[in-house]
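K.L.:
Quick note on numbering: the sequence shown equals residues 133 to 329 in our numbering.
A single structure is presented below for examination.
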Amino acid sequence: MNSISAQFVKGVVGEDNILYDGVPQIAFIGRSNVGKSSTLNAILNRKKLVKVGRTPGKTKEVNFFDVRTDDGYQVYFVDLPGYGYAKLSKKERLELQNLISWYITHPEADTALICLIIDAKVGLTDLDKTFIKLIEKHSKHYVIGVNKVDKINQKAQNQLRKDLMSYLNSDTSIFYYSAETGKNVHHFQDYLLLHSS
133 MNSISAQFVK GVVGEDNILY DGVPQIAFIG RSNVGKSSTL NAILNRKKLV
183 KVGRTPGKTK EVNFFDVRTD DGYQVYFVDL PGYGYAKLSK KERLELQNLI
233 SWYITHPEAD TALICLIIDA KVGLTDLDKT FIKLIEKHSK HYVIGVNKVD
283 KINQKAQNQL RKDLMSYLNS DTSIFYYSAE TGKNVHHFQD YLLLHSS
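Below, the structure is given as structure tokens:
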């Protein structure tokens, strides 16, 4: 893995200069409880930089992390709230979805890449597909990260691959990994840092 330093900068819920200060942004979105925060920690090789909420739906801001490599490259990792948590009120779920949509569609944000994280045990949900359509509509570059592959057998993995390939554009990059065990995380990390400039 690359040598990386990272620190939390701020959380925002609306317009802020950090959105367009010239530093490229890699945004992470996904359903609540897919392991988005764990994914960020695994990619950054840090255990507790991004707080892993015991209660899904707890993150309600767009959180910016300043990430730098040993060769001087700088990028923001942007952790967006998880969506679709059933125990939130309908109003709260809608507010979070609107916040995510606001970021995705922001015309001036320096978004280099959006990573949509899904759970290998669940596959693409309707909300995932809704956000994929929104991302594509606004011509944003995105990849799919499939977390928790260690939780399903090979037959299920093969079926998941078929399902994803039949739905997604042929040029969409897909990464299969486990944030918990670290399996294949380095491939994901290398791609993100290479394609965020």
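From the three backbone atoms N, C-alpha and C, an ideal C-beta is built for every residue, glycine too.
Could you give the distance in angstroms between the alpha-carbon of V194 and the alpha-carbon of R293?
P.N.:
Cα to Cα, V194 sits roughly 30 Å from R293.
K.L.:
Does the distance from the C-beta atom of Y217 to that of I150 stay below 9 Å?
P.N.:
No.
K.L.:
Given a cut-off of 9 Å on the beta-carbon distance, is the pair L256 and D295 in contact?
P.N.:
Taking 9 Å as the Cβ cut-off, L256 and D295 qualify as a contacting pair.
K.L.:
Exposed or buried, which one is M133 when buried takes at least 16 other CB atoms within 10 Å?
P.N.:
Caution is warranted here: a pLDDT of 49 is assigned to M133, below 50, making its placement in the model unreliable, and the coordinate value is therefore given only provisionally. It is exposed - the Cβ of M133 has fewer than 16 other Cβ atoms within 10 Å.
K.L.:
With distance defined between alpha-carbon atoms, name the residue in E147, A244 and P213 nearest to Q229.
P.N.:
Answer by Cα proximity: P213.
K.L.:
Does the count of Cβ pairs from the stretch 264-282 and the stretch 234-248 closer than 8 Å reach three?
P.N.:
At 8 Å Cβ cutoff, the stretches touch.
K.L.:
Compute the beta-carbon to beta-carbon distance between N316 and Y308, rounded to the nearest angstrom, for a pair I have assumed lies under 8 Å.
P.N.:
About 6 Å separates the two Cβ atoms, so the contact holds.
K.L.:
I need the boundaries of the alpha helix (DSSP H) containing K142, first residue and last residue.
P.N.:
Unbroken run through K142 is the beta strand (DSSP E), I136 to V144; no alpha helix (DSSP H).
K.L.:
What whole-angstrom Cβ distance do L181 and F197 have, given they're in contact under 8 Å?
P.N.:
At roughly 7 Å, the Cβ-Cβ gap stays under 8 Å, so L181 and F197 are in contact.
K.L.:
Rounded to a whole number of angstroms, what is the C-alpha to C-alpha distance between N279 and D242?
P.N.:
When rounded, the distance between both Cα atoms is 26 Å.
K.L.:
State the Cα-Cα distance for the pair I250 and V166, rounded to the nearest angstrom.
P.N.:
So the alpha carbons of these two residues sit roughly 6 Å apart.
K.L.:
Looking only at its own chain, which residues have a Cβ that is under 6 Å from the Cβ of T313, when we skip the five neighbours before and after it?
P.N.:
Answer for T313: D282, listed in chain order.
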